[in-house]
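Protein chains in written order, with our numbering: chain L, 377 to 470; chain P, 377 to 470.
Have a look at the structure below, then the notes.
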């Protein structure tokens, strides 16, 4: 995840309500994408799992979880110190 | 996850400090288990990912993430109403 440029079919999950990200995923699939990647770090990881579950259970029941990867990223804290934060990548596919 | 009996090599991740669960995993592996399963629900999902990352990066570098599954479970809320909660299962193996 070193790249700065975020691919078109990637949804970065943060602090907004889950439905914002659900809508982003559904829009990507409806625009013809066969794969959508959800990415999140830290506390937002639980949120990304919620989004994936809502998409495939409530909106697009033909969508499957193709792959899930976890990793550790280094981020800079408020005082410039380095901190490790866990990250998740959930690949949804039709 | 309907079973009430929790298999020996399952670590249920909740609200304790991450290190408690890391220690539980490391102990299982040191007792000869080749696989340890981390399970968590709701907000504890992020915590389970932290635990998995700490185990494999800091303690047992020969341990790999073999599989990750996400699901939705139905739990009963305080007032008896049913709520859906996301869950994760991370399988670590040597």
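Ideal placement from N, C-alpha and C gives every residue a C-beta, glycine not left out.
The structure presented is a predicted model; accordingly, all values stated were derived computationally and were not measured.
Can you tell me the Cα-Cα spacing of residue i and residue j, whole angstroms?
i                      : j                      : result
residue 459 of chain P : residue 384 of chain P : 28 Å
residue 410 of chain L : residue 428 of chain P : 30 Å
residue 434 of chain P : residue 461 of chain P : 30 Å
residue 390 of chain L : residue 437 of chain L : 24 Å
residue 406 of chain L : residue 404 of chain P : 45 Å
residue 469 of chain P : residue 440 of chain P : 5 Å
residue 421 of chain L : residue 422 of chain P : 5 Å
residue 446 of chain P : residue 446 of chain L : 13 Å
residue 392 of chain L : residue 408 of chain P : 43 Å
residue 417 of chain L : residue 395 of chain P : 19 Å
residue 367 of chain L : residue 455 of chain P : Chain L is shown only over 377 to 470; residue 367 of chain L falls outside these bounds and no answer can be derived.
residue 419 of chain L : residue 451 of chain L : 14 Å
Using a C-beta to C-beta distance shorter than 9 Å, which residues of chain L count as neighbours of residue i?
i                      : result
residue 475 of chain P : Residue 475 of chain P lies beyond the range of chain P shown here (377 to 470); nothing can be said about it.
Leaving out five residues on either side along the sequence, give the residues of the same chain with a beta carbon under 7 Å from the beta carbon of residue i.
i                      : result
residue 386 of chain L : 413 and 415
Tell me which same chain residues have a C-beta within less than 6 Å of the C-beta of residue i, skipping the five on either side of it?
i                      : result
residue 377 of chain L : Low local confidence applies: a pLDDT of 46 at residue 377 of chain L is under 50, so the model's placement there is unreliable, with the coordinate-based value given in what follows. There are no such residues.
residue 388 of chain P : 415
residue 449 of chain L : 461 and 463
residue 442 of chain P : 467 and 469
If residue i sits next to residue j, beta carbons under 8 Å apart, how far is it from one beta carbon to the other, in whole angstroms?
i                      : j                      : result
residue 398 of chain P : residue 431 of chain P : 6 Å
Name the chain L residues that come within less than 7 Å of residue i, Cβ to Cβ?
i                      : result
residue 425 of chain P : 421, 446, 462 and 464
Please list, in chain order, the chain P residues whose beta carbon lies closer than 8 Å to that of residue i.
i                      : result
residue 418 of chain L : 422
Spatial neighbours of residue i within its chain, please: C-beta separation below 8 Å, excluding the five flanking residues on both sides.
i                      : result
residue 444 of chain L : 464, 465, 466 and 467
residue 425 of chain P : 464 and 466
residue 453 of chain P : 459
residue 402 of chain L : 431, 435 and 436
residue 400 of chain L : 387
Kindly list, in the order they appear in chain P, the residues whose Cβ is closer than 7 Å to that of residue i.
i                      : result
residue 441 of chain L : 446
Using 9 Å as the limit for Cβ to Cβ distance, is residue i near chain C?
i                      : result
residue 433 of chain L : Among the chains of the structure shown, chain C does not appear; the protein chains present are L and P.
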